[in-house]
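Asker:
In this note's numbering, the protein residues as written are 3 to 347.
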């Protein structure tokens, strides 16, 4: 009895295996959507760039026929998407515009055909593409330190870099291609006032090549080594107005007059170019502030030194980066108490 049960189980298992195998090998159909992307390929030793028509959004509809097992395997490939490159069967390699028969291309597309499916139809059937031959050239890296006062030469490492561009963009006997190594705004702001500098600068393409399809630069940065002569500027400001500041409790109790010759002062101002430009443009202004205490008022002081500050949007502020040295800072004053109003008769 045990032997008959075992035989029954084996027969049942064998039948199930046969059914699964037959089911997996039964013919089926599949309709789906996948993506098509193009990559550079090699043909005759030169890299090509292939670009589809701008109207093509990268998706296609595809109908497959094959066993259920083959269709299942092909679905995994369709999820990855289809990658075509010049030199593959049905994909052109010569420069210019071409029409690709997508059905023929996909019928020879190895990742799909090796799953065992047959490509029945594809939409769109035809696709317009353009093929460009890309060549490599050595470009000279030139530093761009405009606005920075540099002492001596600027060292660029490396001084050349490989670029890739369409062969059609080259002309016979043309000058070497030149790219630019330039510091960004953040790097420029953190430069020392003077002294040696070593910075990684972004390599930027010349404007004539920046928009070319397939243009690329082998590396992103180059090292710039240079010495900053100085990034500060100096100016002499005349007619700096003098302003009196009193404690709030003393306002209205005293009349403070500034001697006419001391109402405006002169000072030499130096500092970073950016800060000096703000003064020059009028965005900020230097003002001389004479601060009087209650004791100064009671003592009727005749002179008091002014402190130079920066006025911005009606508010006083200190600018530690600015060096402000007055030709003179002592301000002559005439302080008198205001007469209190008498009683009303």
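A virtual CB, placed ideally from N, CA and C, is assigned to each residue, including glycine.
1. Do you know whose CA, among 259, 273, 293, lies nearest residue 334's CA?
2. Let me confirm a value: residue 165 is counted as buried when at least 16 other C-beta atoms fall within 10 Å, else exposed. Which label applies?
3. Are residue 108 and residue 79 closer than 7 Å when you measure CB to CB?
4. Within 10 angstroms of its Cβ, does residue 76 collect 16 or more other Cβ (buried), or is it exposed?
5. Write down the C-beta distance between residue 283 and residue 236 rounded to the nearest angstrom, noting that I regard them as a contact closer than 8 Å.
6. Spell out the partners DSSP gives residue 124 in its beta bridges.
7. Look at residue 125 and residue 63 and say whether their C-beta atoms are less than 7 Å apart.
8. Beta-carbon within less than 6 Å of residue 280's beta-carbon, same chain only, minus the 5 sequence neighbours each way: which residues are those?
9. By DSSP, does residue 105 sit in helix, in strand, or in coil?
10. Contact between the segment 169-181 and the segment 189-200 is defined here as three or more beta-carbon pairs at a separation below 8 Å; is this criterion met?
11. Note down the Cα distance separating residue 95 from residue 72, rounded to an integer number of angstroms.
12. Short check: CB of residue 36 to CB of residue 102, under 7 Å?
13. For residue 268, which option in 131, 215, 329 has the closest C-alpha, if you only look at C-alpha atoms?
14. Need the endpoints of the alpha helix (DSSP H) that residue 147 sits in, please.
15. Based on Cα-Cα distance, which residue from 141, 121, 274 lies nearest to residue 67?
16. Measuring only the C-alpha atoms, how far is residue 195 from residue 304?
17. Starting from residue 298, trace the alpha helix (DSSP H) in both directions and tell me its first and last residue.
18. Rounded to the nearest angstrom, how far is the Cβ of residue 205 from that of residue 244, given a contact under 8 Å?
19. Restricting to runs no shorter than 3 residues, where is the beta strand (DSSP E) found entirely within the segment 275-326?
20. Does DSSP put residue 130 in a helix, a strand or coil?
21. Report the option in 315, 331, 314 whose CA atom is closest to the CA atom of residue 293.
22. Assign residue 71 to one of three DSSP states: helix, strand, or coil.
23. Considering only the alpha carbon of each residue, which of 289, 56, 131 lies closest to residue 319?
Answerer: Per the coordinate set shown:
1. 259
2. buried
3. no
4. buried
5. Incorrect: roughly 17 Å between the Cβ atoms, too far for contact.
6. 64
7. yes
8. 286
9. helix
10. no
11. 31 Å
12. no
13. 329
14. Note, residue 147: premise wrong, no alpha helix (DSSP H); not H, not E.
15. 121
16. 41 Å
17. 296-301
18. Residue 205 to residue 244, Cβ: 53 Å. No contact.
19. 287-293, 305-307, 309-314, 317-319
20. strand
21. 331
22. helix
23. 289
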